[in-house]
């Protein structure tokens, strides 16, 4: 249960840690279903462009890294490229993150 | 002092920009490690030297007098002495190092007179060598002359250490400032959601586009709009909010929202929307049923009538600041909206008069379920309201800040609430200063729909300084309010612990989510013993004399879901308060710089 593969358009598989994936309530729902058999688990998100999905994964990892930092530690800004922002917003909306 | 400024130019120029709350000078002094103490020492040393010089003059002939000077070693002094020794002792090891100081030392003549004894000299060399890196440092900095007053001894390492320290301090301060700014923005999540990040990015780009406004922009906007077409209304309104917050909503950015499916739209700052913009909105968003235009100063008569005409589904209109709309237009507008206007809020205009209110109530009064009138300077006669407000589903009544307090009296309120109180969900009487316990006591009968239970969800009684604890105790002991989520007693100065205790004992205490007890100066703090609000998320206890660190801790423990606690003006709440994780305390003096 340590790694999950997210499959984007063009069948590109992007690995993400389980802890990071469950930050998204949608992915969490998918991962907690009773019909999970294959290993490693694959989640197909074939409407999403690979580079957008990669950014989403980057955000999820970023969240899981900085979620529990102390009060006085710095959290770097998460950078979103301008040209991707609209697509990313749609995906973020879908994944509820 | 002058020397220091030279140093800054050659070495640290890029660091001397003004940053944060410090002046450039303070910043610079700190970075250079110059403080009051070092200046004092410098002064003391120069004094010593002066006195010594005087004594040298006196005892000019005595060769041995300088022996005593060994205990006054300072850098410049030492250097001077080394010079003199160099003169006397040609094969000195220090020759090379000291060479360029030779000519520069304007003081050397005086010191040259004094020739130290050989063992003293050796000692001096030893010290001079220990300090050799400092000499190098000085040489490296510039070829300036050695000034008469010796500089406090700051070695390279010390300087670097100071620099590092001040940099760290700066970082820390910046972090603290950022945190304070976040606090003021009510940002409790430290990592913003990806959606928020994207929206801020989009907004930033839209404003950037605007700056290079030209005709080509239209295509970009339509492109953006196409892409935005798929996102939820919630995000659409979030984008509207972000744009408003950045003062970036204007006719250009408005185009983002001109899409046919949108049913509800709220603009919190329309100050830059022209009347043409409003007309476009009316044409291109025909399905709108709920429209909120705050600060709509440019909304004119024509545009308002256009809205009434082109938006057939519009039933809720919330306007703030429509001061261009005159009495005549209000009349036409209400006539046209007759039969379909269900919710109407208006505030901050002096052209909404008694006749306008009459027109509103005559044409739309029977259907109105939500009415809010706030800060209407020309409206003096509220007494016609009870006749017209009779809709059996009436939900939201807001009568706030009349031009003079006597315009909204107990009689008017009692009569109005008698008709509509039983179904009322939101009641706001902020700033109706004439309201007394009479209204509060009559609220009991008005609100209790079913066996002393009210459906009220929000109750705002801000600044009612005439209502007393007796009235509030009576109200909350007689009427159960199991749905109450928002309540504000802000600046109800006469309320004391009894009233608030009664509030917490009511069922409202179990459902309340947002509560303001700001400025209730009569509170001693006993009421918080009875407090246990499982749903409470936001609490304002600003300007309460009884608020202190202990209370903060207690509030955090008693209210499991409390997220935001405002303590502005509570000077007994210090940085030492124990705050449970998940709770954000805003407004502490110790959090600011």
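Chains as they are written, first to last, in my numbering: chain A, -9 to 87; chain B, 156 to 748.
Beta carbons are placed, not taken as given, at the ideal position from N, Cα and C, and that holds for glycine.
Quantities reported herein were computed from a predicted structural model and do not represent experimental measurements.
Assuming residue i contacts residue j (C-beta within less than 8 Å), just tell me the rounded distance between them.
i: residue 707 of chain B; j: residue 678 of chain B; result: Residue 707 of chain B to residue 678 of chain B, Cβ: 15 Å. No contact.
i: residue 186 of chain B; j: residue 318 of chain B; result: 6 Å
i: residue 463 of chain B; j: residue 491 of chain B; result: 5 Å
i: residue 555 of chain B; j: residue 589 of chain B; result: Rounded, the Cβ-Cβ distance is 13 Å, inconsistent with contact.
i: residue 780 of chain B; j: residue 394 of chain B; result: Nothing can be reported for residue 780 of chain B, as the shown portion of chain B is limited to 156 through 748.
i: residue 576 of chain B; j: residue 601 of chain B; result: 3 Å
i: residue 496 of chain B; j: residue 528 of chain B; result: Actually they do not touch by this definition, with Cβ atoms about 14 Å apart.
i: residue 564 of chain B; j: residue 533 of chain B; result: Wrong, their Cβ atoms sit about 18 Å apart, outside the cutoff.
i: residue 650 of chain B; j: residue 675 of chain B; result: 5 Å
i: residue 454 of chain B; j: residue 473 of chain B; result: Actually they are not in contact, since the Cβ atoms of residue 454 of chain B and residue 473 of chain B sit about 12 Å apart, beyond 8 Å.
i: residue 635 of chain B; j: residue 594 of chain B; result: Residue 635 of chain B to residue 594 of chain B, Cβ: 19 Å. No contact.
i: residue 741 of chain B; j: residue 338 of chain B; result: 5 Å
i: residue -4 of chain A; j: residue 35 of chain A; result: 6 Å
i: residue 84 of chain A; j: residue 68 of chain A; result: Between residue 68 of chain A and residue 84 of chain A the Cβ distance is about 18 Å, and since that is not below 8 Å, they are no contact.
For residue i, list the residues DSSP reports as bridge partners.
i: residue 641 of chain B; result: B/613 and B/669
i: residue 721 of chain B; result: B/695 and B/741
i: residue 5 of chain A; result: A/-5
i: residue 124 of chain B; result: Here chain B has residues from 156 to 748 only, and residue 124 of chain B is not among them.
i: residue 473 of chain B; result: B/447 and B/500
i: residue 34 of chain A; result: A/-3
i: residue 582 of chain B; result: B/552 and B/614
i: residue 600 of chain B; result: According to DSSP, which records beta bridges pairwise, residue 600 of chain B is partnered with nothing at all.
i: residue 605 of chain B; result: B/608
i: residue 635 of chain B; result: B/608
On the CB-based measure, 16 or more other CB atoms within 10 Å of its CB, does residue i come out buried or exposed?
i: residue 326 of chain B; result: exposed
i: residue 316 of chain B; result: exposed
i: residue 408 of chain B; result: buried
i: residue 606 of chain B; result: exposed
i: residue 612 of chain B; result: buried
i: residue -6 of chain A; result: buried
i: residue 645 of chain B; result: buried
i: residue 616 of chain B; result: buried
i: residue 518 of chain B; result: buried
i: residue 733 of chain B; result: exposed
i: residue 628 of chain B; result: buried
i: residue 192 of chain B; result: exposed
i: residue 743 of chain B; result: buried
i: residue 71 of chain A; result: exposed
i: residue 257 of chain B; result: In this prediction, residue 257 of chain B scores a pLDDT of 43, lower than 50, which makes its location untrustworthy; no coordinate-derived value is stated.
i: residue 477 of chain B; result: buried
i: residue 664 of chain B; result: buried
i: residue 10 of chain A; result: buried
i: residue 179 of chain B; result: exposed
i: residue 624 of chain B; result: buried
i: residue 424 of chain B; result: buried
i: residue 696 of chain B; result: buried
i: residue 483 of chain B; result: exposed
i: residue 243 of chain B; result: Note on residue 243 of chain B: pLDDT 45, under 50, position unreliable in the model; no value is reported.
i: residue 592 of chain B; result: buried
i: residue 0 of chain A; result: exposed
Does residue i have its Cβ less than 8 Å from a Cβ in chain E?
i: residue 349 of chain B; result: This model lacks chain E altogether; the protein chains it does include are A and B.
| task | Only counting runs of 3 or more residues, tell me where the beta strand (DSSP E) segments fall wholly within the stretch 495 to 577 of chain B, in order along the chain. | result | 498 to 504, 525 to 531 and 551 to 555
| field | Residues within the stretch 65 to 87 of chain A neighbouring chain B, beta-carbon criterion of under 7 Å | value | 65, 68, 70, 72, 75, 76, 78, 79, 80, 82, 83 and 87
| Which of the residues in the stretch 305 to 336 of chain B, read from start to end, lie with their CB under 7 Å from any CB of chain A? | 330
| said: Which residues of the stretch 46 to 58 of chain A have a Cβ closer than 8 Å to any Cβ of chain B? Give them in chain order. | reply: 46, 49, 52, 53, 56 and 57
| task | Please list the residues of the stretch 572 to 588 of chain B that have a C-beta atom closer than 9 Å to any C-beta atom in chain A, keeping them in chain order. | result | none
| said: Counting only Cβ-Cβ distances shorter than 9 Å, please list the residues of the stretch 594 to 619 of chain B near chain A, keeping chain order. | reply: none
| request: Select from the stretch 404 to 432 of chain B all residues with a C-beta closer than 8 Å to any C-beta belonging to chain A, and list them in chain order. | output: none
| query | Residues in the stretch 634 to 660 of chain B with C-beta within 9 Å of chain A's C-beta atoms, listed in sequence order? | reply | none
| query | Using a beta-carbon distance cut-off of less than 8 Å, what residues from the stretch 707 to 725 of chain B approach chain A? | reply | none
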